[in-house]
Amino acid sequence: MNSTPLLSHVLHSNQFDRTTLDYICRLTDAIRQFDKSKDGLMYLQSLLAHKRAMLYFTQPSTRTYLSFESACHIVGVKPSEIRDSATSSEMKGESIEDSLRTFSSYVDLIIMRTPVPGLCDRIAEYLDSTSRPVPIINAGSGPDEHPTQALLDIYTLTRGFKNRDGIDGKSVVLVGDLKRGRTARSLCKLLTNYKNMKLTLVAPDQFKITDDLRQELNACTNIEFRETDDLEASLPGADAIYMTRVQDEYDLSSGESKAVDYSKFHLTYDHLDRIEDHAVIMHPLPRRAELDRRIDNDKRARYWRQERNGMWVRVALITMLFNANHKILLPAL
Ligand code: NCD
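Structure follows, in structure tokens:
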């Protein structure tokens, strides 16, 4: 089947179905082939050299920002940036809608990271109602969603299980602050597209998944999931272990996170003995103490590759938003 799904915005995980996920993984693989030669890279750069993007990042970011900026460079898109709303006319009382409509006058794509859940959807809907709509990419919306991270996680899992029939039927353990961690939340949603999945959600009582996600997972017949606070017991048999840090920037009262003993949710060097030989260890990064640095050199550690995969998946998404994906030849299935 030669299906080429259409993409007008990247806003949340639930917009992606299995066909689109498989297509994004294949497209990303194909795009990476161009990285092998100067001619290939020059070809990629020519694809969207007539386009401009605004990176509007009003929450801290290192890798997501840089990987989007690099993805823009790879396909020739010229990026500009606002990284602090204090430097925009929002400070003069301009509404966020007006600010983003202003950006849309100058660029062809807006990539935004914001602390406000749902804002990207609101802006996309608003711009779609104007005479000059531009695509919006959600690069993280508060504790709510981080769809492009989840897509790169899916790509990393797909590659990790390449010789083991892909993601279907695998057991994935997600660990940490699953209440406020948007990456784990978005990834759980994407995993509902795969068959016979086993999810183990390991979190302290205070940071268990939110009810809306629990209901979504319960309603999904493809997924068997359980919640626990026992990391050690969850490691044997896992095909993937997805670590996350405590999201204390969302504490409602000061010291809320400090009251939780997060050390029980740290993956230590000694845990490696309990982890399957074929398993993959992932982390969206940045990490703190929850992932021992000595694990970096273990062959199961995939987080640095995962980080780099992000750039290529973002290249794939940008080409899809502008229909330039048709200029990338996909290998036959
Ligand atoms: C994550 C985020 O911003 O949600 N970082 C990232 O984009 N890779 C994870 C985190 O900050 O813990």
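Residue numbering for the sequence shown follows the numbering used here, beginning at 2 and increasing consecutively. Glycine is no exception: its CB is placed at the ideal position from the N, C-alpha and C atoms.
- In this structure, Gly-141 has its beta carbon less than 8 Å from a heavy atom of the ligand NCD.
- With respect to Met-244, Ile-282 sits close: the two C-beta atoms are nearer than 9 Å.
- Asp-262 is the residue among Asp-262, Gln-307 and Ile-97 whose C-alpha sits nearest the C-alpha of Ala-290.
- Under the DSSP definition of a beta bridge, Tyr-243 partners with Leu-175 and Met-283.
- Every residue whose beta carbon comes nearer than 7 Å to a heavy atom of the ligand NCD appears here in chain order: Ser-62, Arg-64, Thr-65, Gly-141, His-147, Gln-150, Gly-182, Arg-183, Thr-184, Thr-245, Arg-246, Gln-248, Pro-285, Leu-286 and Pro-287.
- Assigned with DSSP and collapsed to three states, Tyr-44 falls in helix.
- Bridge pairing for Pro-80: Ala-54 [DSSP].
- From the listed residues Arg-215, Asn-310, Ser-9 and Ala-280, the smallest Cα separation to Pro-136 is found for Ser-9.
- CA-CA distance, Thr-193 to Arg-186, rounds to 11 Å.
- Apart from the 5 residues on each side of it in sequence, Val-108 sits with its Cβ closer than 6 Å to the Cβ of Arg-53, Ala-54 and Met-55 in its chain, given in chain order.
- Contact annotation: the segment 189-203 touches the segment 226-241, with at least three C-beta pairs closer than 8 Å.
- Per the coordinates, the alpha-carbon of His-284 lies some 15 Å from the alpha-carbon of Thr-159.
- Of all alpha-carbon atoms in Gly-170, Leu-175 and Lys-209, the one lying nearest the alpha-carbon of Arg-181 is that of Lys-209.
- The Cβ neighbour count for Pro-148, taken over all protein chains shown within 10 Å, is at least 16; the residue is labelled buried.
- Each residue's CA atom was taken as its position, placing Arg-303 and Gly-161 some 8 Å apart.
- CA-CA distance, Arg-165 to Lys-300, rounds to 16 Å.
- Judged by DSSP secondary structure, Leu-202 falls within the beta strand (DSSP E) whose first and last residues are 198-203.
- Listed as beta-bridge partners of Thr-229 by DSSP are Val-203.
- In this structure, DSSP gives Ala-220 a state outside helix and strand, which the three-state scheme calls coil.
- Assigned with DSSP and collapsed to three states, Arg-114 falls in strand.
- By the C-beta criterion, the segment 209-221 is judged not to be in contact with the segment 244-254, since fewer than 3 inter-stretch pairs fall below 8 Å.
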